[in-house]
Ligand code: FPP
C-alpha cells in the first residue's frame with residue numbers, strides 16, 4: 001500500500017494512470033479525420049500534465065501507444081510518431097520549468113530510430129525534474145512487459161546470479177519497466193470502454209478503477225477533478241480490515 005507519509009498531493013494519491021481512449025470517435029463525431037482526434041488528444045495531455053503538477057500528484061502514467069497499435073494503418077502510426085516528436089519538442093521548456101521528469105516504458109526497440117533518440121534526449125534533459133514523473137507507455141503491453149521480466153529473471157538464474165527462492169513480489173517488480181516506481185493508486189479510462197487492455201497489468205493489482213464516457217480529447221481539469229473526487233470516496237483496504245488500515249495511517 002502507498003506510504004501515506006510521502007504523499008504531498010491534496011488527494012492521497014501518489015500515482016495516477018490513464019488509458020486515453022476515444023480520439024478516433026471524437027474526430028468521427030465532427031466529420032474530421034482520426035488524426036484531428038489525436039491532435040486534440042495531445043492538447044488534453046498537456047492540460048492534464050499541468051493539472052497533475054498543480055495538484056501535487058507525483059507520478060502520471062499515460063498509455064500513449066500499445067503493442068497492438070502497431071497493427072493500425074501505416075499513416076495513422078506514422079502520424080502518432082510525428083505527434084510524439086512534436087510533443088517532445090514543444091513541451092521541453094515547459095517540462096523543465098515545471099519540474100517534470102520524463103520516463104518511457106515499453107518495448108522501445110520497436111520504435112523508429114529518430115523517436116528512440118528523441119526519447120533518450122528528453123529523458124536525459126528532464127532527469128532532474130522533482131515535481132512530477134511523466135511515464136509515457138509506448139509500444140507497451142503489460143503481458144509483454146511481464147514476459148520480458150520473466151526472461152531476464154530466468155537468464156540471471158541460469159547464470160547463477162539470482163536465487164529464485166529469494167524472489168518475491170517486490171523483487172520481481174524491479175525487473176518490470178516500471179522498476180521501483182510506486183504502483184498506480186487510480187486508473188482512469190475514458191470513452192466508456194470498461195477494460196484494462198493490457199495496461200500495467202501487474203502494477204494495477206490494487207488500483208482503484210474509474211471509467212468515464214468522456215472522450216479523451218474532451219477530458220480536462222474539470223473531468224480530472226471529478227475522477228479525483230470519486231477516488232476520495234473509495235475505501236482502500238488492500239485486503240486488510242478498516243481498523244488495520246486506520247492504524248497504518250495513524251488514525
Ligand atoms: C486512443 O484513441 C488513443 C490512442 C491510441 C493514442 C493516444 C495518443 C494520444 C492522446 C496522442 C499522442 C500522445 C502523446 C503523449 C504525444 P483511439 O484512436 O483508439 O480512439 P477510438 O477508440 O475512438 O478509435
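In my numbering, the protein residues as written are 1 to 251. Ideal Cβ placement from N, Cα and C applies to all residues, glycine included. All of these numbers come straight from a predicted model, not from anything done at the bench.
Anticipated Cβ contact below 8 Å, residue i with residue j, distance rounded
i, j, result
"residue 56", "residue 190", "With 8 Å as the limit, residue 56 and residue 190 do not qualify as a contact, their Cβ atoms being about 23 Å apart."
"residue 59", "residue 174", "Not a contact, Cβ separation roughly 16 Å."
"residue 39", "residue 83", "7 Å"
"residue 245", "residue 237", "5 Å"
"residue 13", "residue 186", "6 Å"
Given residue i as reference, the closest of the options once Cα atoms are compared
i, options, result
"residue 231", "20, 208 and 202", "208"
"residue 34", "221, 76 and 11", "76"
"residue 239", "212, 206, 220 and 222", "206"
"residue 37", "195, 216, 248 and 123", "216"
"residue 81", "42, 98 and 152", "42"
"residue 114", "78, 128 and 96", "78"
"residue 119", "138, 128 and 129", "138"
"residue 117", "89, 180 and 96", "89"
Whole-angstrom distance between residue j and residue i, CA atom to CA atom
i, j, result
"residue 109", "residue 198", "19 Å"
"residue 5", "residue 158", "With a pLDDT of only 47 at residue 5, under the threshold of 50, the placement of this residue in the model should not be trusted, and no figure is reported."
"residue 145", "residue 94", "30 Å"
"residue 48", "residue 136", "13 Å"
"residue 54", "residue 227", "16 Å"
"residue 193", "residue 50", "25 Å"
"residue 149", "residue 176", "6 Å"
"residue 100", "residue 131", "6 Å"
"residue 121", "residue 250", "43 Å"
"residue 18", "residue 61", "6 Å"
"residue 212", "residue 188", "8 Å"
"residue 20", "residue 164", "37 Å"
"residue 68", "residue 243", "43 Å"
"residue 267", "residue 24", "With the chain covering 1 to 251 only, the question about residue 267 has no answer from this structure."
"residue 66", "residue 102", "18 Å"
"residue 73", "residue 247", "53 Å"
"residue 70", "residue 147", "19 Å"
"residue 129", "residue 222", "26 Å"
"residue 155", "residue 168", "17 Å"
"residue 112", "residue 127", "22 Å"
"residue 229", "residue 172", "33 Å"
"residue 11", "residue 166", "36 Å"
"residue 196", "residue 180", "22 Å"
"residue 210", "residue 170", "26 Å"
Beta-carbon gap between residue i and residue j smaller than 8 Å
i, j, result
"residue 16", "residue 182", "no"
"residue 140", "residue 63", "yes"
"residue 201", "residue 106", "no"
"residue 178", "residue 152", "no"
"residue 104", "residue 123", "yes"
"residue 27", "residue 219", "no"
"residue 162", "residue 125", "no"
Inside the segment 111 to 191 only - alpha helix (DSSP H) runs reaching at least 4 residues: 113 to 125, 142 to 158 and 169 to 173
Runs of beta strand (DSSP E) lying entirely within the segment 53 to 121, each at least 3 residues, in chain order: 59 to 66 and 100 to 105
Could you pull out every unbroken beta strand (DSSP E) segment of at least 3 residues lying fully inside the segment 9 to 50, listed in chain order? 15 to 19
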